[in-house]
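These notes concern the structure reproduced below.
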Amino acid sequence: MAEREPEPLLLTGRVAPGRVLEGIAAPVPLQLELSADERTRLRGHRRSRCGRDLLLQLPRGAALEPGEWLAGPDGTPRVQVEAAAEPLLLVSSGHPLALLRAAYHLGNRHVALQVGEEGLRLLDDPVLADLLHQLADLHLERRLEPFLPEAGAYGGTLHASGHAHPHRHP
């Protein structure tokens with residue numbers, strides 16, 4: 190007779206990253222690697238890095254943050270969120286105006302961006318790469334690393350469409 194898979198671990202609460210935690214059940218906590226898009230979905234089945242079935246039933250709100258802890262119904266932290274590596278484009282330039290122009294064109298298309306000292310990061314997309322190649326004085330580099338896009342001007346939740354909303358959906 191085949192072994193039954195254990196019931197999914199129910200996760201209903203969030204604990205901010207960096208908060209001192211005591212009483213974590215295992216010496217090595219469960220880790221949940223999620224893409225930027227997956228971090229915006231707060232409900233549904235997921236699998237921990239080690240394959241444990243997880244059921245997220247988190248309150249609506251902001252996207253999950255890397256380092257954040259997910260807790261069970263008793264409030265005990267059980268799983269730590271990690272940012273998964275994703276195929277990205279790093280857009281850089283020695284000319285600040287060229288980089289501003291790229292940011293303008295990408296923002297005009299509501300593209301999720303991570304802004305950093307090295308330049309702009311966005312999910313690798315051949316159409317956007319072609320657009321950026323047409324702009325002068327830009328350097329594009331493909332990378333596989335975590336994507337941490339800006340939340341947007343209103344600090345709302347980032348949705349699958351790639352842009353933020355200042356309001357909550359029912």
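The sequence shown begins at 190 in our numbering and counts up one residue at a time.
Positions of the beta carbon are idealized from the N, C-alpha and C atoms, including for glycine.
Please report the distance separating the alpha-carbon of residue 314 from that of residue 301.
Cα to Cα, the separation comes out at about 12 angstroms.
Between the C-alpha atoms of residue 329 and residue 270, what's the straight-line distance to the nearest angstrom?
Approximately 29 angstroms, taken between the alpha carbons.
Just verifying my parser: in three-state terms, what is the DSSP assignment at residue 316?
In this structure, residue 316 counts as helix in the three-state DSSP scheme.
So, is residue 338 buried or exposed, given that buried needs 16 or more other C-beta atoms within 10 angstroms?
Flag for residue 338 reads buried.
Note down, in chain order, each residue of its chain lying with its Cβ closer than 6 angstroms to the Cβ of residue 258, except the 5 sequence neighbours on either side.
Closer than 6 angstroms at the Cβ level, and outside the excluded window around residue 258, lie 204, 266, 269.
Rounded to whole angstroms, what's the CA-CA distance from residue 296 to residue 193? Just pull it up for me.
Their backbone Cα atoms lie some 49 angstroms apart in a straight line.
Could you tell me the boundaries of the beta strand (DSSP E) in which residue 285 lies?
Not the beta strand (DSSP E): residue 285 falls in the alpha helix (DSSP H), residues 285 to 297.
With residue 268 as the anchor, note down where its beta strand (DSSP E) starts and where it stops.
266 to 272 is the span of the beta strand (DSSP E), which, as asked, contains residue 268.
Suppose you measure from the CA of residue 239 to the CA of residue 326; what does that come to, to the nearest Å?
Looking at the two C-alpha atoms, the distance is approximately 44 angstroms.
What's the C-alpha gap between residue 341 and residue 305?
So the alpha carbons of these two residues sit roughly 15 angstroms apart.
Report yes or no: do the segment 270 to 284 and the segment 216 to 234 share at least 3 C-beta pairs separated by less than 8 angstroms?
In short, these stretches touch, since the Cβ pair count reaches three.
Nearest CA to the CA of residue 232: which residue from 206, 202, 316, 322?
It is 202 whose Cα lies nearest to the Cα of residue 232.
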